[in-house]
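Asker: Quick note: this note's numbering has the sequence shown finishing at residue 394, numbered continuously throughout. C-beta atoms are modelled at their ideal positions from N, C-alpha and C, and glycine is treated no differently.
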Amino acid sequence: ERLQRVERLSLMDKAKYASVFMELASLKPIHRRLTNIELEFLLQRELSDRDIDIPFQYRVFNGDFATKVGSNEYINLENLNKYKSPLFVNENGESEFELVIAFPERKIFLRSSLINLIILSLLFTITIIIAFVSTINQIFKQKKVSEIKSDFINNMTHEFKTPIATIKLAIDAIENINVQNDKKKTSQYLKMIRDENERMNMQVENVLRISQLDKKENIINKNECDGHKIINEALFHLDLLLKNSNTSIDISLLAKQTNINGSHTDLVNVFVNILENSIKYSKSQPIIKVSTNDEEGFFTTKISDKGMGMSSSVKDKIFDKFFRETKGNIHDVKGHGLGLSYVKKIVDLHDGMICVDSKIGKGTTFFIKLPVIS
């Protein structure tokens, strides 16, 4: 280096001097040409540059013989993978010395590196699976919504079709000259038109009522009312249906505390819906039992029937909006799947509870508990 600075050596001269100095240096022992501190520093720097931050052991060998240059802990490393590199290569590409380095914690380092890759792969895989499942779930939900929408439209169309046809027939009949002269028949047909119109109006009111309850736009008006009067009024509304279906009904109103803080009209509709379902879903002559009892501050009503019953999967969904058990033709039993959803919402708004017990072929029992005024 001093000659290079003073003499400004050419490349040829540098090569000559390098060859001379290499020959001179080779006459000295390896531990005077290279120190442990220098070698360890160089190794640490190079490994650090390659993000290999684990302990290592090294030794410089002259053939099969170990030299003084090396770490003190380089012992009992026969089972480890060793990495070798020649030192002080001469002009002919030959070298007497070889640097050998080993990593006692190599497996731990590789394992930790693999674990990081495995964790990242697992996270990526889980993310893909979640996204896939979410997409499939959304597809099924959209399909279900589409089916519900179609069923609802079909059912509502069916519900309206019958009264509209009846009203048309009644109007045609009234327009008949013979009927116009018969006041009794005219009055009968007008009453039919009025009843069918009221029926359609009730269907629309039910749909709007559910929508309002969902949006919490309609707050029910609560007053003190009598539970037994509510049940009797519901039975009065269904009197014609009960007679036409030859329903056998057993009424046992035993509750003593019957005062309820609630909406009389809405609670009547609750019992009308449940009783109507008991009639609808009975294959033959309906058999219904209505009973009331006192139960720790609650007015409890039990409505049982001997109808077709329902499975556990159906039982868990009957209070869902638009849900209807549909086997075969969806119009076998009239309805639009809002009745029991409406019932559940009204009972909840009265701080009450409703549950159902049912077995296929055995019948269904509804339990309704409403808090009484103490």
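When the Cβ atoms of the segment 379 to 388 are set against those of the segment 303 to 323, are three or more pairs found closer than 8 Å?
Answerer: Because the criterion of three Cβ pairs below 8 Å is met, the segment 379 to 388 and the segment 303 to 323 touch.
Asker: When DSSP labels each residue in this structure, what does F386 get in the three-state scheme?
Answerer: Correct three-state label for F386: strand.
Asker: Please report the distance separating the alpha-carbon of F108 from that of F76.
Answerer: Distance between the alpha carbons of F108 and F76: 22 Å.
Asker: Jot down the residue ranges of each uninterrupted alpha helix (DSSP H) in the segment 91 to 139, minimum 4 residues, whole runs only, in chain order.
Answerer: Counting whole runs of 4 or more residues, the segment 91 to 139 contains no alpha helix (DSSP H) stretch at all.
Asker: Consult DSSP for Q305 and reduce its assignment to one of helix, strand or coil.
Answerer: Three-state result, Q305: coil.
Asker: Taking buried to mean at least 16 other C-beta atoms within 10 Å of its own C-beta, is N112 buried or exposed?
Answerer: When all chains shown are included, N112 counts as exposed.
Asker: Determine the direct distance from the alpha carbon of I135 to that of K102, and round the result to whole angstroms.
Answerer: Taking the straight line joining both Cα atoms gives about 24 Å.
Asker: Are there 16 or more other CB atoms within 10 angstroms of the CB of V310, so buried, or fewer, so exposed?
Answerer: Classification of V310: buried, given that the 10 Å Cβ count is 16 or more.
Asker: Since V376 sits in a beta bridge, which residues does DSSP pair it with?
Answerer: Partner(s): F386.
Asker: Go through its chain and collect everything with a Cβ distance to L390's Cβ below 6 Å, but skip five positions before and after it.
Answerer: Counting only Cβ-Cβ distances below 6 Å, and skipping sequence neighbours, we find I280, F319, H370, G372.
Asker: For T206, does the three-state DSSP call read helix, strand or coil?
Answerer: Helix at T206.
Asker: If you reduce the DSSP assignment to three classes, tell me which class E195 lands in.
Answerer: In this structure, E195 counts as helix in the three-state DSSP scheme.
Asker: Taking DSSP as the reference, what is the three-state secondary structure of A275?
Answerer: DSSP places A275 in coil when its eight states are reduced to three.
Asker: Alpha carbon to alpha carbon, how far is H356 from I139?
Answerer: Annotation note: pLDDT 46 at H356 (below 50); position unreliable, coordinate value reported separately. The straight-line gap from Cα to Cα measures roughly 51 Å.
Asker: Cα-Cα, which of D71, E114, L63, G90 is closest to S46?
Answerer: Among D71, E114, L63, G90, the Cα nearest to that of S46 belongs to E114.
Asker: Alpha carbon to alpha carbon, how far is L380 from K300?
Answerer: In the sequence under discussion, the amino acid at residue 380 is Ile, which differs from the Leu named in the question. Computed Cα separation, rounded: 15 Å.
Asker: What residues are listed by DSSP as bridge partners for T321?
Answerer: Bridge partners of T321: T312, I388.
Asker: Thinking C-alpha only, which one of D336, E225, I57 is nearest R79?
Answerer: Ranking the options by Cα distance to R79, first place goes to I57.
Asker: For D340 and S361, what's the separation of their Cα atoms in angstroms?
Answerer: Those two C-alpha atoms are separated by around 6 Å.
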